[in-house]
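Here the structure is laid out as structure tokens; the discussion comes afterwards.
Residue numbers (my numbering): 2 to 500.
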């Protein structure tokens with residue numbers, strides 16, 4: 002991308018990709034594709050979308066040789082109660098449900114930043130939060146669009162193999178973007194190319210992966226952006242490759258260990274699905290599908306017996322040697338209370354292990370005070386503190402690119418002005434109790450602050466302005482009445498004086 006508004010930036014110099022480095026990256030990528038971390042990241046997204054292991058559930062019996070055999074004539078219910086998705090949504094909306102506030106001392110510079118980190122960025126930031134909670138880490142690529150505006154692109158965690166400079170995973174040496182792209186004019190929808198993009202300080206290198214090896218694309222390299230200039234010798238127009246001080250790929254983490262949330266609760270979610278599905282299986286196994294005891298059955302084929310029982314609801318028996326024929330069932334009672342207890346314990350375990358909260362918790366009760374509410378959100382709030390710390394550090398890196406862009410394009414320096422990001426958590430509060438406590442302590446609260454807490458008021462400043470106009474109208478109305486009354490009184494006094 003060529004932009005003439007770039008006034009100053011770093012001139013990029015293409016690095017040479019050595020065969021040794023390429024072979025090393027090929028090996029690293031092959032190992033990473035099957036690594037436990039990537040498998041967990043893929044499972045995190047699949048489970049969120051409802052693709053659980055229970056979908057491959059079958060009914061099995063012990064065969065003649067003692068080995069398990071799959072059978073198709075038994076109920077095989079598959080029930081998914083996606084508590085994991087519920088926890089992800091709760092944690093995401095708790096920290097990212099409301100827009101992040103951006104403020105600073107210099108209002109004009111804050112407005113410049115807000116024009117770049119606008120509502121579209123807020124939406125992208127929420128998506129980063131969702132992916133980070135799911136996979137433990139998410140990635141934001143910063144580039145330019147066709148008209149020269151900063152563009153923020155969210156990349157899937159399972160598609161980025163980072164290579165860090167340090168053990169703390171704070172600075173990238175390079176990164177590999179691996180993804181599948183459907184072949185153009187492919188005869189089959191499953192015919193894909195394995196695309197590989199290597200992010201390095203000087204730009205992006207493009208390859209196609211075949212048989213584990215990297216093959217360079219027809220256009221093997223592109224800089225992050227370019228600048229229109231002129232050749233210093235010939236003075237002819239020229240295009241100069243430009244680069245940033247840093248690789249424009251930023252990691253957003255939900256925790257410092259980059260642990261996917263699914264790793265904390267997958268076994269519990271699977272157990273919950275299994276217990277519900279098994280319970281439904283047991284309910285579906287009625288008298289015509291359970292164990293039956295036959296005495297002197299008038300027939301020899303048990304398959305025929307099952308068919309007659311299902312078709313006619315009757316069984317023909319006979320008496321032999323003075324023994325009467327009979328059909329009895331071996332009843333296996335399904336205790337719903339036991340299932341209900343296990344389901345309740347599993348759901349509670351999911352909440353505890355995911356560090357979420359349950360608004361239906363019996364311990365909170367119907368008359369919950371602020372202390373009860375705070376206790377309910379305690380685990381989620383502590384976990385959100387770590388996520389916010391990680392995101393604040395990542396937003397600081399975002400600000401480097403925003404500052405560089407403003408400095409290059411508009412000659413505005415905002416490096417000296419600290420920009421603050423405030424995460425507005427979606428916490429249930431007993432507003433009445435809090436306000437009563439503050440008033441009782443002698444704290445004075447401005448009208449603007451009070452109005453900002455009213456849910457149906459969107460624009461506080463406009464509301465204050467409207468209130469002042471209403472008060473002014475009332476004063477003018479009563480002022481006219483007072484003036485008229487005073488004039489009438491003066492007229493009466495004058496008439497009395499004449500008499």
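Glycine included, every Cβ here is placed at the ideal spot set by N, Cα and C. Quantities reported herein were computed from a predicted structural model and do not represent experimental measurements.
- request: Spatial neighbours of residue 465 within its chain, please: CB distance less than 8 angstroms, with the 5 preceding and 5 following residues excluded, ordered by chain position.
  value: Within the same chain, Cβ atoms closer than 8 angstroms to the Cβ of residue 465 are found at 448, 449, 452, the five residues on either side in sequence being excluded.
- prompt: Just checking my contact of residue 206 with residue 220 at CB under 8 angstroms: how many whole Å lie between their CB atoms?
  reply: Distance from residue 206 to residue 220 at the Cβ level is roughly 10 angstroms; contact not present, criterion being Cβ atoms closer than 8 angstroms.
- prompt: Between 140, 201, 194, 224, which lies nearest to residue 1 when the distance is taken from Cα to Cα?
  reply: No information on residue 1 is available, as it lies outside the stretch 2 to 500 that the chain covers here.
- request: Using only alpha-carbon positions, find the residue among 218, 457, 275 that is nearest to residue 55.
  value: With distances taken between Cα atoms, residue 55 lies closest to 275.
query: Helix, strand or coil: which one does DSSP assign to residue 452?
result: The three-state reading of DSSP puts residue 452 in helix, counting H, G and I together.
field: Exposure of residue 261, with buried meaning 16 or more beta-carbon neighbours within 10 Å
entry: Around the beta carbon of residue 261, a 10 Å sphere encloses 16 or more other beta carbons of the protein chains shown; the residue is thus reported as buried.
field: Residue from 124, 110, 105, 418 with nearest C-alpha to residue 518
entry: The displayed coordinates of the chain run from 2 to 500. Any statement about residue 518 would go beyond what the structure contains.
- request: Classify residue 280 as buried or exposed, calling it buried when 16 or more other Cβ atoms lie within 10 Å of its own Cβ.
  value: Looking at its Cβ environment, which holds 16 or more other Cβ atoms inside 10 Å, residue 280 is buried.
- prompt: What's the C-alpha gap between residue 386 and residue 134?
  reply: Approximately 13 angstroms between the Cα atoms of the pair.
query: If we ignore side chains and look at the alpha-carbon of each, how far apart do residue 255 and residue 39 end up?
result: Near 16 angstroms, if we compare the C-alpha coordinates of residue 39 and residue 255.
message: Taking only three categories from DSSP, how would you classify residue 406?
response: Residue 406 falls in the helix class under three-state DSSP.
query: Is DSSP giving residue 211 helix, strand or coil here?
result: Looking at residue 211 - three-state DSSP - the assignment turns out to be strand.
- request: Could you check how far apart the C-beta atoms of residue 177 and residue 30 are, in whole angstroms? I think they sit under 8 angstroms.
  value: Going by Cβ atoms, the distance from residue 177 to residue 30 rounds to 6 angstroms, so yes, they are a contact pair.
field: Status (buried if at least 16 other CB within 10 Å, exposed otherwise) for residue 240
entry: Residue 240 comes out exposed.
Inter-residue Cα distance where the pair is residue 8 and residue 421: Only weak support is given to the placement of residue 8: the predicted model assigns it a pLDDT of 44, under 50, and the question is left unresolved by the model.
message: At the level of alpha carbons, what is the spacing between residue 148 and residue 228?
response: The straight-line gap from Cα to Cα measures roughly 13 angstroms.
- request: Specify the secondary structure class of residue 140 as computed by DSSP and reduced to three states.
  value: Residue 140: strand per DSSP, three-state reduction.
query: Rounded to a whole number of angstroms, what is the C-alpha to C-alpha distance between residue 257 and residue 391?
result: The alpha-carbon separation between residue 257 and residue 391 amounts to approximately 7 angstroms.
task: Would you decide whether residue 388 is buried or exposed? Buried here means 16 or more other CB atoms lie within 10 Å of its CB.
output: Buried, because 16 or more other Cβ atoms sit within 10 Å of the Cβ of residue 388.
- prompt: For the ligand GTP, is there a heavy atom less than 7 angstroms away from the beta-carbon of residue 263?
  reply: Looking at this structure, you won't find the ligand GTP or any other ligand, since it has none at all.
- request: Go to residue 148, then tell me how far its beta strand (DSSP E) extends in each direction, as first and last residue.
  value: Counting along the chain, no beta strand (DSSP E) covers residue 148, and no H or E run does either.
message: Buried or exposed, going by whether 16 or more other CB atoms sit within 10 Å of the CB of residue 25?
response: With fewer than 16 Cβ atoms within 10 Å of its Cβ, residue 25 is classed as exposed.
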